[in-house]
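Letter by letter, the sequence shown follows residues 203 to 500 in our numbering.
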Amino acid sequence: MKEPVIKVGFCVAYDWELLKKSVLRIYNHADVICFSLDKNRKSWSGNTFKFDSSAFYSWVSDIDKDQKISILEEAFYQEGLQPIENDNRQRKLMADFLGKGGWHIQIDSDEYFFDFSAFKDYLLKMNSNPSGDEKAINICCNWISLIKQVAKGFLFVHNRADEYETMPFATNVPEYLNARRNSHFNHISPFFVLHETWARGEDQLLEKINSWGHDKDFLSKESYFSLWKALDEYNYSYIKNFHPLKSHVWQALEYVPRREVDEVIDWLKKSGLLKLNWLSLSIQNNRIVQGLMQRFGI
203 MKEPVIKVGF CVAYDWELLK KSVLRIYNHA DVICFSLDKN RKSWSGNTFK
253 FDSSAFYSWV SDIDKDQKIS ILEEAFYQEG LQPIENDNRQ RKLMADFLGK
303 GGWHIQIDSD EYFFDFSAFK DYLLKMNSNP SGDEKAINIC CNWISLIKQV
353 AKGFLFVHNR ADEYETMPFA TNVPEYLNAR RNSHFNHISP FFVLHETWAR
403 GEDQLLEKIN SWGHDKDFLS KESYFSLWKA LDEYNYSYIK NFHPLKSHVW
453 QALEYVPRRE VDEVIDWLKK SGLLKLNWLS LSIQNNRIVQ GLMQRFGI
């Protein structure tokens, strides 16, 4: 039997129904998929969340036509650990479950690849079957974050072409020190992922910011939530540099006049708004150049 190379893991919790939009975008191109779920239904912050286990397992049975999906249920929340430490712990245990070797890819429930098939091909061109003993590397994608659903569409983060928010998605050596971030070299791929992060109802958003790994990192969750509630399709253009942890990461907002994820992705692909600075990418992806820049503090 062929060893799996494309190993995809999802941390599953209160927002599991978002998997219905994210998993089908990657299912046909993954060799194995793991859903990890806290068996006590505890978030990384220790909050108990509602979870319809019957509906979840029924949905998994319906979609898993090729028997690719395994479900890992353990007590991922550990009292005494910070939320981000529980986040890291769950991701590491999921990677251990999937085993050494191959490309380890972790996707959150609210993340939707524009083109996972092309991303897979990109990984396999770099290394067709990592052993896990090579020099460690992360392969990052460019996040397009949805901030709020308004009457006829969404508000989303729009940054300059060489300053997209990026996130490590794949790695040949799965280590998780700050969610998916670690000390490995970050190679920035040219691929985009739609992140539904804040585009939720008020109750769902409050649950997220009180449960996720960055629960303790806000200066004031209440103040930021008030700002979010005030956003609409008329005032969004006045908001600049507003990321809750590092303000410059979210530079500005734009509006997409579509209400469904597939429609949003199609609109963004055709909009001309998503441009890459290829020179900047080549510099960022050169280990020697990055090493020299780091050495001289550039």
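Quick reminder that beta carbons are idealized off the backbone N, C-alpha and C, glycines included.
About 5 Å separates the Cβ atoms of residue 325 and residue 305, confirming a contact at the 8 Å cut-off. The closest CA to that of residue 461, considering only 287, 398 and 264, is found on 398. Residue environment for residue 387: exposed (fewer than 16 other C-beta atoms within 10 angstroms of its C-beta).
Membership of residue 347 in the beta strand (DSSP E) is indicated by the continuous run 339-352.
As far as DSSP is concerned, residue 450 takes part in no beta bridge.
Taking each of 224, 209 and 230 in turn and checking the Cα distance to residue 464, the smallest one comes out for 224.
Annotated three-state conformation of residue 225 is helix, per DSSP. Contact check for residue 378 against residue 290 passes: the beta carbons are separated by less than 9 Å. Taking C-alpha positions only, residue 442 is separated from residue 453 by approximately 5 Å. If you draw a 10 Å sphere on the C-beta of residue 332, you find 16 or more other C-beta atoms in it, and that means buried. The beta strand (DSSP E) runs lying completely inside the stretch 360-391 and spanning 3 residues or more are 367-373, given in chain order.
Where residue 441 is concerned, there is no enclosing beta strand (DSSP E), because DSSP gives it neither an H nor an E. DSSP, reduced to helix, strand and coil, places residue 316 outside both helices and strands of the structure shown, so it counts as coil.
Boundaries of the alpha helix (DSSP H) around residue 424: 423-432. Ranked by how close their Cα comes to the Cα of residue 358, the residues 487, 250 and 457 have 457 in first place. As DSSP reads the structure, residue 250 sits in a beta bridge with 244. Per DSSP, residue 406 has no beta-bridge partner at all. For the pair residue 369 and residue 382, the Cα-to-Cα distance works out to about 8 Å.
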